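Numbering (the working numbering), first residue to last: 459 to 552.
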């Protein structure tokens with residue numbers, strides 16, 4: 459392939475994660491920018507407090523299973539629940 463010819467991205471849907479990783483290890487993404495879609499990245503404010511609670515092991519197992527079904531980590535799910543409950547309670551008091 460000549461130096462001025464455009465390089466074509468492979469069909470990543472037909473590749474394993476290992477093959478995709480190897481491709482990007484061996485290629486420069488700058489060579490393919492014209493074929494890529496623009497991505498919007500949102501940076502969330504970092505969490506700055508830790509809450510430690512005791513929970514029964516059976517409840518933790520159920521929590522982890524539920525979170526896994528939703529494609530989330532269990533702490534992410536709990537944070538979402540806390541936020542939802544706080545917002546509901548604040549609306550009641552407003």
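Note that the Cβ used here is the ideal one computed from N, Cα and C, for glycine as well.
Computed from a prediction, not measured in an experiment: that's the story for all the values here.
Is any beta-carbon of chain B found at less than 7 Å from that of residue 511? The chain inventory of the structure shown lacks chain B, comprising one protein chain alone.
Tell me which residue opens and which closes the alpha helix (DSSP H) that residue 532 is part of. Taking the chain shown and counting its residues from 1, the one referred to as residue 532 is at position 74. Segment 532-551, the alpha helix (DSSP H) holding residue 532.
Hey, which unbroken runs of the alpha helix (DSSP H) at 4 residues or more fall wholly within the region 488-533? 515-527
Distance check for residue 521 and residue 441, CA to CA, integer angstroms please. Nothing can be reported for residue 441: it is not among the residues displayed for the chain, which extend from 459 to 552.
Simplified DSSP assignment, three categories, for residue 475: For the purposes of this step, residue 475 is identified with residue 17 of the chain shown, where counting begins at 1. It is helical.
Under 7 Å between C-beta atoms of residue 525 and residue 532: In the chain shown, counting from the first residue as 1, residue 525 sits at position 67. In the chain shown, counting from the first residue as 1, residue 532 sits at position 74. Yes; because the gap between Cβ atoms is below 7 Å, this pair is in contact.
With contact counted as at least three CB pairs below 8 Å, one residue from each stretch, are the region 483-494 and the region 464-475 in contact? yes
Who are the near neighbours of residue 493 in its chain, counting only those whose CB is closer than 6 Å to its CB and skipping five residues on each side? Within the chain shown, numbered from 1, the residue matching residue 493 stands at position 35. Cβ within range, chain order: 467.
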